[in-house]
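For the sequence shown, my numbering puts the final residue at 365, and the numbers step up evenly by one.
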Amino acid sequence: MLNQPSLFQASPQTLALSPHVLVVDDDDRLRGLLRRFLSEQGFMVTTAANAADARAKLRHLKFDLMVLDVMMPGETGLDLTRAMRQEAATPLPILLLTARAETSDRIEGLEVGADDYMHKPFEPRELVLRINSILRRLPKPQQSAPTLKLGLWTYVPARDELQSAETTLRLTDMEAGLMRALAAAPGSVISREALAEHAKGDVGDRTIDVQVTRLRKKIETDPRNPRYLVTVRGEGYMLMPDMDA
């Protein structure tokens, strides 16, 4: 039985550095308790109520690990694990949860591609230890570009995301290309031509302007009077992060 800890309020910088865990369980109460407990332990947590919901989250966000219930209606946790291992070029670590404690069930879970397997009820601290154990076994990522503070948002290049204390916004491929180019030289003017080289597809100046407008709607408090993504007339665009980031 999980205790109910107080809700953890992480800063944007803390969120940017925290492992992002996707919790998938059709039990509303358990899902909520896991969100609270893992958040209190310093994880960034997103939840899904079923496999279809999880697939939608996986399309739009990047995760470091998934905690997945086996016995869900419709597509089960085993089915989803099997499908992901067949589809994904880079397998996402998966820790399965189930009320079925037979050895054959655990073996089946591991055979379809899970990284670990726990049966309910479980001790929350053991869950955290197992998650950390899985994450430690992952290859160390190459050093990525630093995060940048943009008002209420933190831009995380390694994830192509904008993060705040309340939510996460996943950038489109084109937005991500532009932001990476701008963030590589904060405070410097980047021409439209240079930005076009970082955008995916055959794009012109007008397309760059449209994408910048969309980025401003996500970043700026007042997109018509941008503070962070500014225009340098006749030259291009410049990203101006907060200096205390």
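From the three backbone atoms N, C-alpha and C, an ideal C-beta is built for every residue, glycine too.
Over what stretch of residues does the alpha helix (DSSP H) that includes residue i continue unbroken?
i	result
V330	325-339
L154	148-160
D199	197-207
A172	171-180
V248	244-257
R312	312-318
Look at residue i and residue j and say whether their C-beta atoms are less than 8 angstroms apart.
i	j	result
M360	Q331	no
T167	R151	yes
A314	G297	no
D235	L217	no
G356	V323	no
H239	R220	yes
R344	I328	no
T196	I214	no
A169	D146	yes
M191	L212	no
T292	Q283	no
K171	G194	In the sequence as presented, Lys is not what sits at residue 171; that position holds Ala. Yes, the Cβ-Cβ distance between A171 and G194 is below 8 angstroms.
DSSP beta-bridge partners for residue i?
i	result
E281	V276, R290
H239	T218
M186	L142, I214
If we define contact as Cβ-Cβ less than 8 angstroms, is residue i a contact residue for chain D?
i	result
T196	Given the protein chain composition of this structure (a single chain), no chain D is represented.
For residue i, name the three-state secondary structure that DSSP assigns.
i	result
K269	strand
G229	helix
L142	strand
M360	coil
T134	Because T134 carries a pLDDT of 41, less than 50, the predicted location of this residue cannot be relied on, and the following value inherits that uncertainty. Looking at T134 - three-state DSSP - the assignment turns out to be helix.
L349	strand
G354	coil
T166	strand
M191	coil
L212	coil
A304	coil
A234	coil
Count the CB pairs spanning the stretch 172-192 and the stretch 265-283 that are closer than 8 angstroms, and state whether there are at least three. Touching, yes, given that three or more Cβ pairs across the two stretches are closer than 8 angstroms.
Three Cβ pairs or more, each shorter than 8 angstroms: is that satisfied between the stretch 323-342 and the stretch 238-256? With a cut-off of 8 angstroms, the stretch 238-256 and the stretch 323-342 do not count as touching, because too few Cβ pairs lie within range.
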